[in-house]
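Student: Supplied in structure tokens, the structure appears directly below.
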Amino acid sequence: MKWEVVIGLEVHVQLNTASKIFSGSSTAFGAEPNTQASVVELAFPGVLPVLNRAVVDKAIRLGLALNATINKKNVFARKNYFYPDLPKGYQISQMDLPIVGPGTLTILVGEEEKVIRVTRAHMEEDAGKSLHEDFQGMTGIDLNRAGTPLLEVVSEPDMRSAEEAVAYARALHTLVTWLGICDGNMQEGSFRVDANVSVRPFGQAEFGTRREIKNLNSFRFLEQAIKYEIQWQIDTLEDGGRIEQATVLFDPDSGETRMMRSKEDAHDYRYFPDPDLLPVVLSDDDIARVAATMPELPGQMKARFVAEYGVSAYDAALLTTSLAHAEYFEQVARATGQGKLAANWINGELAARLNREGLELAACPIDAPRLAGLVVRVADGTLSNKLAKQVFDALWVDALSADEVIERDGLKQVSDVGAIEKMVEEAIAANPKAVEEFRAGKEKALNALAGQVMKASKGKANPAQVQDILRQKLA
Amino acid sequence: MIEATLKELSVQLANKDVSAVELATAYLARIDALNPALNALVTLDRERTLAAAAAADARRAAGDAHALTGVPLVHKDIFCQQGWKTGCGSKMLDNFVSPYSAHVVERCDAAGMVTLGRANMDEFAMGSSNENSFHGAVKNPWDTAAIPGGSSGGSAAAVAARLAPVATGTDTGGSIRQPASHCGITGIKPTYGVVSRFGMVAYASSLDQGGPLAQTAEDCALMLNVMAGFDKRDSTSVERAAEDYTRELDKPLAGLKVGLPREYFAEGLAPDVARVIEGAVAELKAQGAEVVEVSLPNTQLSIPAYYVIAPAEASANLSRFDGVRYGYRAPEYKDLVEMYEKTRAQGFGEEVKRRIMVGTYVLSHGYYDAYYLKAQKIRRLIANDFKAAFERCDVILGPVAPTAAFNIGEKSGDPVQMYLSDIYTLSVNLAGLPGMSVPAGFADNGRPIGLQIIGNYFSEAKMLNVAHRFQCATDWHRRAPAL
Chain S
3 MKWEVVIGLE VHVQLNTASK IFSGSSTAFG AEPNTQASVV ELAFPGVLPV
53 LNRAVVDKAI RLGLALNATI NKKNVFARKN YFYPDLPKGY QISQMDLPIV
103 GPGTLTILVG EEEKVIRVTR AHMEEDAGKS LHEDFQGMTG IDLNRAGTPL
153 LEVVSEPDMR SAEEAVAYAR ALHTLVTWLG ICDGNMQEGS FRVDANVSVR
203 PFGQAEFGTR REIKNLNSFR FLEQAIKYEI QWQIDTLEDG GRIEQATVLF
253 DPDSGETRMM RSKEDAHDYR YFPDPDLLPV VLSDDDIARV AATMPELPGQ
303 MKARFVAEYG VSAYDAALLT TSLAHAEYFE QVARATGQGK LAANWINGEL
353 AARLNREGLE LAACPIDAPR LAGLVVRVAD GTLSNKLAKQ VFDALWVDAL
403 SADEVIERDG LKQVSDVGAI EKMVEEAIAA NPKAVEEFRA GKEKALNALA
453 GQVMKASKGK ANPAQVQDIL RQKLA
Chain U
5 MIEATLKELS VQLANKDVSA VELATAYLAR IDALNPALNA LVTLDRERTL
55 AAAAAADARR AAGDAHALTG VPLVHKDIFC QQGWKTGCGS KMLDNFVSPY
105 SAHVVERCDA AGMVTLGRAN MDEFAMGSSN ENSFHGAVKN PWDTAAIPGG
155 SSGGSAAAVA ARLAPVATGT DTGGSIRQPA SHCGITGIKP TYGVVSRFGM
205 VAYASSLDQG GPLAQTAEDC ALMLNVMAGF DKRDSTSVER AAEDYTRELD
255 KPLAGLKVGL PREYFAEGLA PDVARVIEGA VAELKAQGAE VVEVSLPNTQ
305 LSIPAYYVIA PAEASANLSR FDGVRYGYRA PEYKDLVEMY EKTRAQGFGE
355 EVKRRIMVGT YVLSHGYYDA YYLKAQKIRR LIANDFKAAF ERCDVILGPV
405 APTAAFNIGE KSGDPVQMYL SDIYTLSVNL AGLPGMSVPA GFADNGRPIG
455 LQIIGNYFSE AKMLNVAHRF QCATDWHRRA PAL
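Chains as they are written, first to last, in my numbering: chain S, 3 to 477; chain U, 5 to 487.
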């Protein structure tokens, strides 16, 4: 039987406010345990939550970027459960009336665009952390993270493969960092994904029973976990088994998902409106004030890159995977007037090198002005592609400009017709056999001759010119 | 001196007829003598009290005193107070010393008032008789066989027994008004949002409101001037200009329209209580007030609505008492779940457990709409009843409780009977309105009876005016129990 995969994601986006969602405590990561927990996070008797309005503005920002409904009245609710790292015994979240209603996010799968519907996004507080190591069989509680603001972004079950799920997660990650509302650091838990996965026979209208994979904190784990889960569900069904609704955890070591709790163990969270917090009521002005600060969004910028710089839609999509990429590209393109060439270098050589070295663009040793210096010299014919790569490698390690490298290493392409003619004539004289073969119609022999010329010029001769002059002389 | 009102003490301190240290010393001596029999106060800290009194005297000497600098008071054990045990009437918090002070405590401290001690209360403010305290029942100073009312029973008994001139309290369903009534003193629960809940251990957050208990309406007004005011740390605190609650005290009552809700004078009201209320109404009429009959048709529904909403909120509010970070933890357990279960089973009293279970039940999947949502709808109906009534009158008058104080043990075995005695006070909290109790006479058995004054939102000054004019013409508030 052919199976169709159905995936919906719930993403916890940690908002990068300086203080917590309901207190003035700092949100900085990595402090000594429990040094950033006030009486509010510790849930002392009598303390009360006070909403940090910066959280609301950041939520509106995402809502606008998703073209979503902003609910002008939204309500905080208590989600009740007992756990040691949840000091109040309830999490303040939003249930019936979230701040952000239905919206959409466009993703790129291969070279195809697909629109994924976003159901909602709501504000909530993070819990603390339970530390199970290092305490001789006991559990340590660190409440520094408690009260850190989160936006939980819930998608419709619109994704049909692990690749689509990853593309959605990446697009959302791009968007929240682009908007400056999240630092995007997945290792520190700033962007955590829960994946709801089910399968159904192709053509069946109803969804299959889903299992939820919790807390995936890298795109690689997200892909591995979903792929494993899909195969497990298909195998189970094909063996005549049934899928039971469950929450599962992904073990990166074994590459498998394992059951955390079944539907029977599901909590009854007993949501009800939090009487300590008034409903959040937003005016048109509140929303307009945030709208006025919105940057050009990835989709808009992509379209502009195609129109303004003539780059392909695919290149434009790659260039807008982060604001840093887009800004880097635009600097190079503006400085050189060579949009397509700049895109080729950034998406080609630069991306490959960064990938090989495991670096983010922010840590790239070649800044945009220096790459622009290189692109200019390619465009004006000073450098062949081969020489340009040599210069690129030098730029990577030395703090010089492209022109300084060219000067230092004598890498200027030789385009002087007289000089090339001289070398061509020498090559023809020294290789009578190749000349004969070419004249007999063996096209390849010309390459051998050109190779001799390039060798003689130490690679600096303009290859196109060498070819042209060779043909003239042998005609 | 011990019989003096807050106002009189304020004048004596200003005239240097008495020092704060002398006052504190005198009250502490009276507490030592009388509290063992009454059990009104649960924590004393003589050293702290005398240090605060000395600081108040220094402030008076330096000439930067507030009107109440040096006046002693007791705080209900529900208000967090830095350095003081804040036990909330519970074994769960019997070892809890608060690292911070409630807004109300900060305000009193800032005024230079001197804390004499901490007042007993029903555990987590859940009760109408003060029998639900880990520290044992409080005795009514008028008759030690009687309950003082609850949950601010320790506060009311302390003021009635003149262990303190004034006390703070909280009122979630009548917890200031009913003990004030039963102890023959004056108490006011302001409009919801007037007094910050920051640092007040939460019972039912949408209903809880702090307020003063004192001998007179004038004293309550002076205390409200200290306790009330916007606090950004409480999101339900109402941001409005500060007001002087004494400003209308002396205003004549001619032309005042008082409403008598017919539902408050129906079946269930004891004849002696009815007689006292009628007498009070007659007095106000004599001062020129006009009486109109009003109707609050959903009064009966306030009991079920309250006993759904308050436990629902409480069930979440009390989840933090889990033995993990502070407070009581069971001495023996084999795992996390057992630690929770034993801690809460051992740390909470019966009434608290009952309300947590009721609250958990009404919020559960499948029951939420039928109970919690329905109760919220009733709450709106009740608020609408009052809205309609206040179109016809300025204040509403009625009894605080159906009977005078009952005997200790009389209703403690039957929670429903106990809940029914809250019939005249609950709806005020559900609507968020201000209400007060003013001494108005005595029952056939000699126990005090209070008159309830219910005002429209933010009409505390007017209510205090009515109460003050009533007290100018009567001496019920001046009568003290023989101790």
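Backbone N, C-alpha and C fix where the C-beta goes; we use that ideal spot for every residue, glycine too. Here the structure is a predicted model, which means the values were calculated and not measured.
State the beta-bridge partners of residue 196 of chain S as determined by DSSP.
Tutor: Your numbering for residue 196 of chain S matches position 194 in the first sequence. Residue 196 of chain S pairs with S:12.
Student: Nearest chain S C-beta to residue 326 of chain U closer than 8 Å, yes or no?
Tutor: Indexing the second sequence from 1 puts residue 326 of chain U at position 322. Yes, contact with chain S.
Student: If we call anything under 8 Å between Cβ atoms a contact, is residue 120 of chain U one with residue 28 of chain U?
Tutor: For the purposes of this step, residue 120 of chain U is taken as the residue at position 116 of the second sequence. For the purposes of this step, residue 28 of chain U is taken as the residue at position 24 of the second sequence. Their beta carbons are under 8 Å apart, which means residue 120 of chain U touches residue 28 of chain U by this criterion.
Student: Less than 8 Å between CB atoms is the rule here; does residue 80 of chain S satisfy it with respect to chain U?
Tutor: Numbered from 1 along the first sequence, position 78 holds the residue referred to as residue 80 of chain S. At least one chain U Cβ lies under 8 Å of residue 80 of chain S.
Student: Pull up the DSSP beta-bridge partners for residue 75 of chain S, would you.
Tutor: To locate residue 75 of chain S, count along the first sequence from 1; it is residue 73. Residue 75 of chain S is bridged to S:283.
Student: Run down chain U in chain order and give the residues with a C-beta less than 7 Å from the C-beta of residue 122 of chain S.
Tutor: For the purposes of this step, residue 122 of chain S is identified with residue 120 of the first sequence, where counting begins at 1. By Cβ distance, chain U contributes nothing, its closest Cβ being about 20 Å from residue 122 of chain S, past 7 Å.
Student: Verify the CB distance criterion: does residue 139 of chain S have a CB-CB separation below 8 Å to chain U?
Tutor: By 1-based counting over the first sequence, the position of residue 139 of chain S is 137. No, because no Cβ of chain U sits closer than 8 Å to the Cβ of residue 139 of chain S.
Student: Can you tell which of U:51, U:169 and U:74 has its C-alpha closest to the C-alpha of residue 8 of chain U?
Tutor: Numbered from 1 along the second sequence, position 4 holds the residue referred to as residue 8 of chain U. Per the Cα distances, U:169.
Student: At 8 Å on the CB atoms, spell out the chain S contacts of residue 92 of chain U, in chain order.
Tutor: In the second sequence, the residue the question calls residue 92 of chain U occupies position 88. Under the 8 Å cutoff, chain S gives 47.
Student: Terminal residues of the continuous beta strand (DSSP E) containing residue 400 of chain U?
Tutor: Residue 400 of chain U sits at position 396 when you count from the first residue of the second sequence. Per DSSP, residue 400 of chain U belongs to the beta strand (DSSP E) from 399 to 403.
Student: Between the beta-carbon of residue 72 of chain U and the beta-carbon of residue 131 of chain U, is there less than 8 Å?
Tutor: As a working note, residue 72 of chain U is residue 68 in the second sequence. As a working note, residue 131 of chain U is residue 127 in the second sequence. Taking 8 Å as the Cβ cut-off, residue 72 of chain U and residue 131 of chain U do not qualify as a contacting pair.
Student: Would you mind reading off the limits of the alpha helix (DSSP H) that contains residue 205 of chain U?
Tutor: Position 201 of the second sequence, counted from the start, is the residue given in the question as residue 205 of chain U. That residue, residue 205 of chain U, is in no alpha helix (DSSP H); it is neither H nor E in DSSP.
Student: Is there a Cβ from chain S that is less than 8 Å from the Cβ of residue 364 of chain U?
Tutor: Within the second sequence, residue 364 of chain U is the residue found at index 360, counting from 1. Closer than 8 Å to some Cβ of chain S, the Cβ of residue 364 of chain U qualifies, so yes.
Student: With 8 Å set as the bound, which would you pick, yes or no: does the beta-carbon of residue 236 of chain U sit closer than that to a beta-carbon of chain S?
Tutor: Stepping through the second sequence from its first residue, residue 236 of chain U is reached at position 232. So yes, residue 236 of chain U belongs to the interface.
Student: By Cβ distance, which residues of its chain are closer than 8 Å to residue 304 of chain U, with the 5 residues on each side in sequence left out?
Tutor: Along the second sequence, one-based indexing puts residue 304 of chain U at 300. Closer than 8 Å at the Cβ level, and outside the excluded window around residue 304 of chain U, lie 267 and 427.
Student: Quick one: which chain S residues come within Cβ less than 7 Å of residue 205 of chain U?
Tutor: On the second sequence, position 201 is the one that residue 205 of chain U refers to. Here the neighbours are 47 and 48.
Student: Quick check on residue 301 of chain S: does DSSP put it in helix, strand or coil?
Tutor: Here residue 301 of chain S corresponds to residue number 299 of the first sequence, with the count starting at 1. It is helical.
Student: Considering Cα atoms alone, identify which of U:80, U:41 and U:96 is closest to residue 335 of chain U.
Tutor: By one-based count along the second sequence, residue 335 of chain U stands at place 331. The shortest Cα separation from residue 335 of chain U among U:80, U:41 and U:96 belongs to U:96.
Student: Based on the DSSP secondary-structure assignment, which residues constitute the bridge partners of residue 456 of chain U?
Tutor: Your numbering for residue 456 of chain U matches position 452 in the second sequence. According to DSSP, which records beta bridges pairwise, residue 456 of chain U is partnered with U:402 and U:441.
Student: Quick check: the Cα distance between residue 272 of chain U and residue 255 of chain U, rounded to an integer number of angstroms?
Tutor: As a first step, residue 272 of chain U must be located in the second sequence, where it is residue number 268. As a first step, residue 255 of chain U must be located in the second sequence, where it is residue number 251. Their Cα atoms are separated by approximately 35 Å.
Student: CB residue 84 of chain S to CB residue 51 of chain S, shorter than 8 Å?
Tutor: One-based indexing of the first sequence puts residue 84 of chain S at position 82. One-based indexing of the first sequence puts residue 51 of chain S at position 49. Against a cut-off of 8 Å, the Cβ pair of residue 51 of chain S and residue 84 of chain S comes out as no contact.
Student: Take every Cβ of the stretch 414 to 432 of chain U, pair it with every Cβ of the stretch 339 to 350 of chain U, and state whether three or more of those distances are shorter than 8 Å.
Tutor: No contact exists between the stretch 414 to 432 of chain U and the stretch 339 to 350 of chain U.
Student: Looking at the structure shown, is residue 269 of chain U part of a helix, part of a strand, or coil, going by DSSP?
Tutor: Your numbering for residue 269 of chain U matches position 265 in the second sequence. The answer is helix: DSSP assigns residue 269 of chain U an H, G or I state.
Student: As a quick exercise: from S:430, S:278 and S:349, pick the residue whose alpha carbon is nearest that of residue 240 of chain U.
Tutor: Looking up residue 240 of chain U in the second sequence gives position 236. Of the candidates S:430, S:278 and S:349, the one whose C-alpha sits nearest the C-alpha of residue 240 of chain U is S:278.
Student: Give the DSSP-derived three-state secondary structure of residue 226 of chain S in the structure shown.
Tutor: Translated into the one-based positions of the first sequence, residue 226 of chain S becomes position 224. In this structure, residue 226 of chain S counts as helix in the three-state DSSP scheme.
Student: Expressed to the nearest angstrom, what Euclidean distance is found between the alpha-carbon atoms of residue 91 of chain S and residue 327 of chain S?
Tutor: Position 89 of the first sequence holds residue 91 of chain S. Position 325 of the first sequence holds residue 327 of chain S. Each residue's Cα considered, the two are about 43 Å apart.
Student: Count the other CB atoms, across all protein chains shown, that sit within 10 Å of the CB of residue 296 of chain U; report buried if there are 16 or more and exposed otherwise.
Tutor: As a working mapping, residue 296 of chain U is identified with position 292 in the second sequence. When all chains shown are included, residue 296 of chain U counts as exposed.
Student: To the nearest angstrom, how far is the alpha carbon of residue 33 of chain U from that of residue 162 of chain U?
Tutor: Here the question's residue 33 of chain U lines up with position 29 in the second sequence. Here the question's residue 162 of chain U lines up with position 158 in the second sequence. About 13 Å.
Student: Quick one: does residue 77 of chain S have its CB under 8 Å from some CB of chain U?
Tutor: For this step, residue 77 of chain S is matched to residue 75 along the first sequence. With 8 Å as the cut-off, residue 77 of chain S does not count as an interface residue toward chain U.
Student: Does the beta-carbon of residue 283 of chain S have 16 or more other beta-carbons within 10 angstroms, so that it is buried, or is it exposed?
Tutor: Walking along the first sequence from the start, residue 283 of chain S turns up at place 281. By the 10 Å Cβ count, residue 283 of chain S comes out exposed.
Student: Less than 8 Å between CB atoms is the rule here; does residue 130 of chain S satisfy it with respect to chain U?
Tutor: Stepping through the first sequence from its first residue, residue 130 of chain S is reached at position 128. No, because no Cβ of chain U sits closer than 8 Å to the Cβ of residue 130 of chain S.
Student: By DSSP's criteria, residue 274 of chain S is part of a beta bridge. Which residues make up the other side?
Tutor: Along the first sequence, read from residue 1 onward, the residue named residue 274 of chain S stands at position 272. S:80, per the DSSP bridge assignment.
Student: If you check the beta carbons only, do residue 129 of chain U and residue 174 of chain U fall under 8 Å apart?
Tutor: Indexing the second sequence from 1 puts residue 129 of chain U at position 125. Indexing the second sequence from 1 puts residue 174 of chain U at position 170. Against a cut-off of 8 Å, the Cβ pair of residue 174 of chain U and residue 129 of chain U comes out as a contact.
Student: By the criterion of Cβ-Cβ separation under 8 Å, what are the contact partners of residue 86 of chain S in chain U?
Tutor: In the first sequence, counting from the first residue as 1, residue 86 of chain S sits at position 84. The contacting residues are 326, 328 and 340.
Student: Taking only three categories from DSSP, how would you classify residue 259 of chain S?
Tutor: Locating residue 259 of chain S in the first sequence gives position 257, counting from the first residue. Note: residue 259 of chain S maps to strand in three-state DSSP.
Student: So what does residue 157 of chain S bridge to, in DSSP terms?
Tutor: Your numbering for residue 157 of chain S matches position 155 in the first sequence. Beta-bridge pairing links residue 157 of chain S to S:120.
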